[in-house]
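Asks: Before we start, here is the structure in question, set down as structure tokens.
Numbering (this note's numbering), first residue to last: 11 to 764.
Encoded structure:
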């Protein structure tokens with residue numbers, strides 16, 4: 011090998027490294043050849059040493075160039091970085107090289123160098139049979155071309171952004187929000203957790219148009235209250251299960267039905283698909299790299315917990331029969347957050363809904379093909395992560411997940427400030443504690459007061475932004491009570507939170523926050539325990555939209571993209587990065603498909619070539635918002651592009667290029683459990699005591715800390731939180747709210763009896 015170059019690679023393959031005389035310039039060029047491949051790659055890299063690896067500066071970008079010839083479509087420019095603490099590690103694949111028989115120039119711009127990185131190394135990896143011959147490598151630091159931004163708002167707004175409450179209210183009690191590929195927003199209510207609407211068969215959705223602020227109420231065929239939903243790769247929305255029946259005091263709990271529907275953004279209508287194999291009220295939904303959808307958890311038609319995994323076939327456009335789906339017969343709970351990893355496995359982050367977590371460590375990796383579950387350690391206080399939020403941090407190539415906040419609606423402690431971060435690219439990934447959530451104010455019934463001690467929040471919303479940060483917002487201190495007013499921006503590069511302006515509206519149970527194509531964030535909903543609903547809609551303008559003019563994507567030559575493509579756009583001024591952000595499909599703090607995929611750049615003036623990942627597990631097929639971002643972090647308005655699968659992969663000679671990672675999982679591994687039909691769950695799984703009030707009213711099974719176990723104390727709390735008149739359902743009074751047994755809780759005579 012030439013001086014300062016080394017052989018590298020991994021996996022089961024036959025290969026040769028050679029220097030050849032047929033160079034682009036000079037006497038020699040490097041050639042890497044694979045003659046047989048099962049998995050892995052081979053590559054020639056700049057030696058990972060202080061003497062050879064180029065020095066870089068954190069926050070800067072670099073243009074990398076080379077000349078090449080290839081006899082395989084499976085070759086990519088691959089980048090590694092040296093972290094001053096963690097050492098050398100794989101960074102990202104920058105560009106897939108097109109097959110060329112003659113010497114061809116390739117160039118690509120790196121993302122901004124992460125904090126803590128002092129050196130990089132790079133080269134061409136070959137991950138399919140054939141060869142790549144390379145010569146004349148170059149590297150240049152990108153000069154600063156964008157002047158500092160001029161603030162266009164007040165000093166506070168430019169530091170913290172601003173919230174605006176829209177003049178028009180949301181007409182439906184929506185708890186599900188889906189950003190459609192035409193820029194509109196589907197807001198699904200079903201019955202809206204209203205027993206009256208359920209009994210009347212009144213089920214609604216609305217389509218909101220951010221362009222003019224209008225709403226269109228859409229007929230909805232069934233009660234999709236607490237269904238699952240996900241965008242299919244063609245842009246339609248798959249909605250699975252929902253509410254078959256409300257609980258009956260002393261009888262069954264919520265019931266989930268087997269029906270499934272597809273919403274078409276073009277016609278704005280629902281159509282029915284085939285049925286699921288089981289009922290699933292509160293199911294997960296995760297798209298896989300081939301466009302299929304996998305779903306776990308929820309409640310069955312008999313109110314027990316579903317242990318049935320469901321698989322939607324994208325090619326067949328239907329739910330597959332049970333015998334065609336791998337089953338672990340495990341109960342994953344309600345809305346378990348299942349995030350697709352870059353090798354096709356699923357990471358259960360530990361975020362879920364209602365009460366305690368699953369047994370074990372509360373976090374796991376599920377391998378569908380092997381049908382095994384491996385415990386992942388490190389998640390703090392796993393049984394108080396009810397309605398926490400988990401996000402795959404930007405960029406998706408880094409494979410880091412942040413989990414934040416949470417509580418437990420059964421034991422009902424104060425919502426917590428816990429955050430946890432995991433690097434799924436590590437050989438033995440484990441959660442490590444992150445910085446605590448910033449504290450805000452909490453309304454305990456007498457106006458907002460500052461949070462104290464370890465008070466944080468559950469019902470957290472987390473939204474990926476095009477500048478690479480995460481907005482966390484909304485929440486409440488207790489089960490459907492005590493809203494918390496606090497928002498902050500999390501920066502993955504520094505692992506820090508920056509408090510910003512807080513949404514003035516309460517955003518607790520059944521609230522949603524999500525990114526709009528114009529770069530703003532929309533927040534809607536709140537359904538406290540007294541059964542009311544907040545129809546006000548808030549819009550957050552992040553600080554990046556108050557930094558002067560925005561870059562504009564003036565043209566997208568082709569909005570139909572395939573994996574490994576180079577796609578050209580034009581911009582009106584220099585940009586430093588481009589991102590594909592999957593549009594939201596969010597409910598109950600959960601959007602496991604949310605991800606932001608970095609697109610390395612090749613820049614020629616205002617023409618920018620974007621290098622699309624060759625790995626569909628990093629960016630599952632479908633419609634994405636394309637943002638271009640300048641050096642001040644200011645994003646363009648998004649353009650919609652369609653990343654096509656799985657037919658786009660049919661001609662590939664090798665599987666998508668994936669570096670070995672998470673290959674030494676430290677936790678216990680188990681296979682499928684004994685085959686069974688369901689998991690028994692409490693009829694109070696929703697955290698509400700059904701002995702009191704109507705179904706839409708949630709009297710907590712456990713009152714917040716500080717509320718004494720007396721009739722007077724509990725009734726005072728209920729009055730303070732506007733519960734109003736509460737009838738007793740049946741003869742039982744487990745909370746002691748009706749001592750005189752007249753069928754009315756917290757009556758005047760009940761309080762006299764103490």
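Heads up, the beta-carbon is just placed ideally off N, CA and C, and yes, glycines get one too.
#1: Considering Cα atoms alone, identify which of 743, 203, 198 and 243 is closest to residue 229.
#2: From the DSSP output, read off the bridge partner residues of residue 56.
#3: Can you tell me the Cα-Cα spacing of residue 50 and residue 138, whole angstroms?
#4: Give me, in chain order, the residues of the same chain whose beta-carbon lies closer than 6 Å to that of residue 432; leave out the 5 immediate sequence neighbours on both sides.
#5: Can you tell me the Cβ-Cβ gap for residue 642 and residue 354, rounded? I've got them flagged as a contact below 8 Å.
#6: Please say whether residue 682 and residue 329 have beta carbons closer to each other than 7 Å?
#7: In terms of residues, what are the limits of the alpha helix (DSSP H) holding residue 159?
#8: Within the continuous beta strand (DSSP E) that includes residue 166, where are the two ends?
#9: Contact defined as beta carbons within less than 8 Å: I believe residue 413 pairs with residue 387. What is the distance between those atoms, to the nearest angstrom?
#10: Would you please state the rounded distance, in angstroms, between the beta carbons of residue 128 and residue 77? I believe it to be under 8 Å.
#11: On the DSSP bridge list, what partners appear for residue 328?
#12: May I ask you to report which of helix, strand or coil DSSP gives residue 143?
#13: Put residue 515 into one of helix, strand or coil per three-state DSSP.
#14: Do residue 561 and residue 581 have their CB atoms nearer than 7 Å?
#15: Using 8 Å as the threshold, is the segment 180-198 in touch with the segment 208-219, meaning 3 or more CB pairs across them?
#16: Looking only at C-alpha atoms, which of 486, 640 and 482 sits nearest to residue 502?
#17: Residue 540 and residue 733 - do their beta-carbons sit closer together than 7 Å?
#18: What's the gap between the Cα of residue 63 and the Cα of residue 28?
#19: Enumerated in chain order, which unbroken segments of the beta strand (DSSP E) with a length of 3 residues or greater are wholly contained in the segment 251-294?
#20: What number of angstroms, rounded off, separates the C-alpha of residue 79 from the C-alpha of residue 61?
#21: Mind the definition here: the segment 270-290 touches the segment 243-254 only if three or more C-beta pairs lie below 8 Å; say whether that holds.
#22: Any contact between the segment 93-108 and the segment 151-159? By contact I mean 3 or more CB pairs, one from each, below 8 Å.
#23: Return the chain-ordered ranges of every beta strand (DSSP E) run that is complete within the segment 596-626 and spans a minimum of 3 residues.
#24: So for residue 724, helix, strand or coil by DSSP?
#25: I'd like the ranges of any beta strand (DSSP E) spanning at least 3 consecutive residues and lying wholly in the segment 99-123.
#26: Taking the beta carbon of residue 443 as the centre, do at least 16 other beta carbons fall within 10 Å, making it buried, or is it exposed?
#27: In the DSSP output, what is residue 69 paired with across the bridge?
#28: What first and last residue would you give for the alpha helix (DSSP H) that runs through residue 209?
#29: Runs of 4 residues minimum, wholly inside the segment 367-443: which ones carry the alpha helix (DSSP H) assignment?
#30: Given a threshold of 16 other Cβ atoms within 10 Å of its Cβ, counted over all protein chains shown, does residue 383 qualify as buried or as exposed?
#31: Need the endpoints of the beta strand (DSSP E) that residue 41 sits in, please.
#32: For residue 644, which of 512, 476 and 703 has the nearest alpha-carbon?
#33: Identify the continuous beta strand (DSSP E) that holds residue 135 and give its terminal residues.
#34: From the DSSP secondary-structure annotation, give me the bridge partner or partners of residue 533.
#35: Near residue 280, which residues of its chain fall below 6 Å by C-beta distance, leaving aside the five closest residues on each side in sequence?
#36: Per DSSP, what are the beta-bridge partners of residue 468 in this structure?
Replies: Taking the geometry as given:
#1: Here the closest residue by C-alpha is 198.
#2: According to DSSP, which records beta bridges pairwise, residue 56 is partnered with 15.
#3: Distance between the alpha carbons of residue 50 and residue 138: 9 Å.
#4: In its chain, beyond the 5 residues on either side, 411, 439 and 441 have a beta carbon closer than 6 Å to the beta carbon of residue 432.
#5: Taking 8 Å as the upper bound for CB-CB distance, residue 642 and residue 354 are not in contact here, some 37 Å apart.
#6: For the pair residue 329 and residue 682, the CB atoms are not nearer than the 7 Å cut-off.
#7: Premise fails: residue 159 is in no alpha helix (DSSP H) and is neither H nor E.
#8: Per DSSP, residue 166 belongs to no beta strand (DSSP E); it is in the alpha helix (DSSP H), 165-170.
#9: In fact, because the Cβ distance is near 14 Å, the residues do not count as touching under 8 Å.
#10: Taking a contact as a CB-CB distance under 8 Å, the pair residue 128 and residue 77 does not count as one, their CB atoms being some 28 Å apart.
#11: According to DSSP, residue 328 bridges with 323.
#12: Assignment of residue 143 by DSSP, reduced to helix, strand and coil, places it in the strand class.
#13: In this structure, residue 515 counts as coil in the three-state DSSP scheme.
#14: Yes, they are a contact pair.
#15: In this structure the segment 180-198 touches the segment 208-219; the number of beta carbon pairs closer than 8 Å is three or more.
#16: Among 486, 640 and 482, the Cα nearest to that of residue 502 belongs to 482.
#17: Against a cut-off of 7 Å, the Cβ pair of residue 540 and residue 733 comes out as a contact.
#18: So the alpha carbons of these two residues sit roughly 21 Å apart.
#19: Uninterrupted beta strand (DSSP E) stretches at least 3 residues long and entirely within the segment 251-294 occur at 253-255, 270-274 and 279-282, given in chain order.
#20: Between residue 79 and residue 61, the C-alpha separation is close to 28 Å.
#21: Proximity of the segment 270-290 to the segment 243-254 meets the contact definition, three or more beta-carbon pairs being nearer than 8 Å.
#22: Output reads no: the segment 151-159 does not touch the segment 93-108.
#23: Runs found: 606-608, 611-614 and 617-621.
#24: Helix at residue 724.
#25: Uninterrupted beta strand (DSSP E) stretches at least 3 residues long and entirely within the segment 99-123 occur at 114-119, given in chain order.
#26: Residue 443 should be labelled exposed.
#27: DSSP lists no partner for residue 69.
#28: Segment 205-210, the alpha helix (DSSP H) holding residue 209.
#29: Under the rule that a run must span 4 or more residues, no alpha helix (DSSP H) segment is found entirely inside the segment 367-443.
#30: Under this definition residue 383 is a buried residue.
#31: For residue 41, the uninterrupted beta strand (DSSP E) run begins and ends at 39-47, by DSSP.
#32: It is 476.
#33: Here the beta strand (DSSP E) through residue 135 covers 127-136.
#34: Residue 533 is bridged to 523 and 548.
#35: The beta carbon of residue 280 is closer than 6 Å to those of 231, 271 and 273 in its chain, skipping five residues each way along the sequence.
#36: Its beta-bridge partners are 486.
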